[in-house]
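The sequence shown lines up with residues 259 to 741 when you count with the numbering used here. All C-beta atoms, glycine included, are put in the ideal place defined by N, C-alpha and C.
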Amino acid sequence: MTEQEYRATIGLEIHAQLLTKSKLFCFCSTRFGDPPNTHTCPVCLGFPGSLPALNHQALGYAIRAARALGCRVNGRSRFSRKNYFYPDLPKGYQISQYRLPLAVEGFIEIPVSGASKRVRIHRVHMEEDAGKLVHLAHEGTGTGTAVDLNRAGVPLIEIVSEPDINSPEEAQAYMSELRLVLLHLGVCACNMEEGNLRCDANVSIAPAGSKELGTRTEIKNLNSMRFLRQALEYEIERQEEILREGGKVVLDTLLFDPEKRETRSMRSKEEAHDYRYFPEPDLPPVEVDEVWLREIEENLPELPMKKRERFVRDFGIPAYDADVLTQEPELAAFFEETARLGGDPKAASNWLMTEALREVKESGVALRESKLTPALLAELLKLVAGGAVSGKIAKEIFPEVFRAGTSPRALVEKKGLGQISDEGALRGVVEEVLKEHASVAEEVRGGKEKSFGFLMGQVMKKTRGRANPKSVQKIMREAIGKG
Numbered sequence: 259m260t261e262q263e264y265r266a267t268i269g270l271e272i273h274a275q276l277l278t279k280s281k282l283f284c285f286c287s288t289r290f291g292d293p294p295n296t297h298t299c300p301v302c303l304g305f306p307g308s309l310p311a312l313n314h315q316a317l318g319y320a321i322r323a324a325r326a327l328g329c330r331v332n333g334r335s336r337f338s339r340k341n342y343f344y345p346d347l348p349k350g351y352q353i354s355q356y357r358l359p360l361a362v363e364g365f366i367e368i369p370v371s372g373a374s375k376r377v378r379i380h381r382v383h384m385e386e387d388a389g390k391l392v393h394l395a396h397e398g399t400g401t402g403t404a405v406d407l408n409r410a411g412v413p414l415i416e417i418v419s420e421p422d423i424n425s426p427e428e429a430q431a432y433m434s435e436l437r438l439v440l441l442h443l444g445v446c447a448c449n450m451e452e453g454n455l456r457c458d459a460n461v462s463i464a465p466a467g468s469k470e471l472g473t474r475t476e477i478k479n480l481n482s483m484r485f486l487r488q489a490l491e492y493e494i495e496r497q498e499e500i501l502r503e504g505g506k507v508v509l510d511t512l513l514f515d516p517e518k519r520e521t522r523s524m525r526s527k528e529e530a531h532d533y534r535y536f537p538e539p540d541l542p543p544v545e546v547d548e549v550w551l552r553e554i555e556e557n558l559p560e561l562p563m564k565k566r567e568r569f570v571r572d573f574g575i576p577a578y579d580a581d582v583l584t585q586e587p588e589l590a591a592f593f594e595e596t597a598r599l600g601g602d603p604k605a606a607s608n609w610l611m612t613e614a615l616r617e618v619k620e621s622g623v624a625l626r627e628s629k630l631t632p633a634l635l636a637e638l639l640k641l642v643a644g645g646a647v648s649g650k651i652a653k654e655i656f657p658e659v660f661r662a663g664t665s666p667r668a669l670v671e672k673k674g675l676g677q678i679s680d681e682g683a684l685r686g687v688v689e690e691v692l693k694e695h696a697s698v699a700e701e702v703r704g705g706k707e708k709s710f711g712f713l714m715g716q717v718m719k720k721t722r723g724r725a726n727p728k729s730v731q732k733i734m735r736e737a738i739g740k741g
């Protein structure tokens, strides 16, 4: 799409599963991955005579998210029945909020091209999730579809943005930042593969400079950042092509096919259900106590954007490092505690982003479940900074520190891995290397600086990486006559 021709207008509806152990209106478990239909009861299945009761923790999490997004929490809100038929909706209606939502009029700042952009939040409301259809293929008997209702009744918040987003890149940045906010708040696991963070995208295009918005389409159930961006890129291009050829975009609900990277019609809005909302008769209005609201506000954590800014300002690390470290709350906290315990901030950042995350990936053990602690990492960094051990040796012992929680200092002493800084001992090794590689030494004397690195490597090899690099470099240059 050429920016001068058309302008895209995008609004996102993010569905986030709240991190409670039980469902929104009953005591059934929200645990993921258990056998189908093992977390159900008369309430979440909608049996006659069963009565829902609001999960107080879910309400608290919803308020926490709403206030972190700058929303005004309504003192009184209420649930409604959203009526429609679908096989994974056991009651024939979904309990949601409609005319009186929990919260309204918020915003979130997102990073865009090195600056920040404010995207307004229209509303945050609570609702229960539906179940899940599982499409099966049976050899010799064709295909079939089963229904798993474990997810039916799981607590969600829906975060609806204003149409302030103007490109797929901005949409991806918005969803990414919102994910980080929810993670740092501790109200959502944000694991998109497990379906606890999903997105519907409304998109339209209009000629650049036009005050009127174009006809919108809605792309449903996008469950990855990559798919969100790809779907919007395709849909914007599709709508642009229609307008260029003199056609009209039709109001429609779409699904995105990740394999073909294209959208396809799910149903026409003209044929869509009239949901016939009406107040939920089995639930009283939700009234938020002012004292409780203030308590929630006072306990809000530092949000990701502010944390990134503080890490750069207070610890002097690059913006890139701060961005990586704040992708997970536990990683940010680990870094900050390591620095507080005396570990050099930049070194701590480097080790966490490389060695620690590599161990997490290779071992399959999350950082919080490993034996590595900020105190152990700070101890290791101090050994390297003080010259007691080389960086190479530190990397060799790191896996044992990570997996067994062994003291780095104890490991160095036990295995005799301390750095050799004694110039007398190192001079003997240097002379031995220069004798064995006399021709390479001549190359260095002739100005071939790359060969100097080879000689340094030979010394490190002979000392099993224990030689102090700065001392070796000094002795080597003196011996070659290039000091």
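Y351 counts as buried, since at least 16 other C-beta atoms from the protein chains shown sit within 10 angstroms of its C-beta. Contact check for Q497 and V507: beta-carbon distance about 5 Å, within the 8 Å limit, so the pair qualifies. In this structure the region 268–285 touches the region 449–459; the number of beta carbon pairs closer than 8 Å is three or more. Restricting attention to K564, D387, I477, A404, the CA atom closest to the CA of H393 is found in A404.
Boundaries for L455: no alpha helix (DSSP H) harbours it, while the beta strand (DSSP E) harbouring it runs 455–465, taken from the DSSP string. Considering only M718, N454, G682, S648, the residue with the shortest C-alpha distance to E386 is N454.
The Cβ neighbour count for P516, taken over all protein chains shown within 10 Å, is under 16; the residue is labelled exposed. Membership of A591 in the alpha helix (DSSP H) is indicated by the continuous run 587–598. Here the C-alpha atom of L327 lies approximately 12 Å from the C-alpha atom of P559. Counted as a single uninterrupted DSSP element, the beta strand (DSSP E) harbouring L512 occupies residues 510–515.
C-alpha of E556 to C-alpha of P539: approximately 34 Å in a straight line. When secondary structure is reduced to three states using DSSP, L391 falls in the strand class. In the structure shown, the three-state DSSP call for N608 is helix. The C-beta distance from C284 to P310 rounds to 7 Å, short enough to meet the 8 Å contact threshold. When C-alpha distances from E736 are compared across F710, T721, G723, the shortest belongs to F710. With respect to K281, G411 sits close: the two C-beta atoms are nearer than 8 Å. The region 651–668 makes contact with the region 620–630, as at least three CB pairs between them are under 8 Å. For the pair V730 and E694, the Cα-to-Cα distance works out to about 16 Å. Look at G269 here: in three-state DSSP terms it is strand. Within a 10 Å sphere around the beta-carbon of Y344 sit fewer than 16 other beta-carbons, which makes this residue exposed. Between the C-alpha atoms of V717 and M611 there is a straight-line separation of about 29 Å.
Membership of M384 in the beta strand (DSSP E) is indicated by the continuous run 373–386. Residues of the same chain with a CB within less than 8 Å of the CB of G364, apart from the 5 flanking positions on each side, are A324, L327, G328, C329, R330, R378, I379, V382 in chain order. Runs of the beta strand (DSSP E) lying entirely within the region 624–692, each at least 3 residues long, are absent. Counting the other CB atoms within 10 Å of its CB gives W609 a total of 16 or more, which places it among the buried residues.
If you check the CB distance, S434 and M483 come in under 8 Å. Where V717 is concerned, the enclosing alpha helix (DSSP H) starts and stops at 708–720. Boundaries of the beta strand (DSSP E) harbouring F337: 337–341, taken from the DSSP string. In this structure, I655 sits near L669, with a CB-CB distance shorter than 8 Å. Nearest Cα to R571 within the set E588, E594, T721: E594. According to the DSSP assignment, G318 belongs to no beta strand (DSSP E) but to the alpha helix (DSSP H) extending over 314–326. Taking all protein chains shown into account, C457 has 16 or more neighbouring C-beta atoms within 10 Å of its C-beta and is therefore buried.
A straight line joining the alpha-carbon of V461 with that of G444 spans about 30 Å. Judged by DSSP in its simplified three-state form, L443 adopts helix.
In this structure, D579 places its C-beta atom within 8 Å of the C-beta atom of S607. Between S338 and P359, the gap from beta carbon to beta carbon reaches 8 Å or more.
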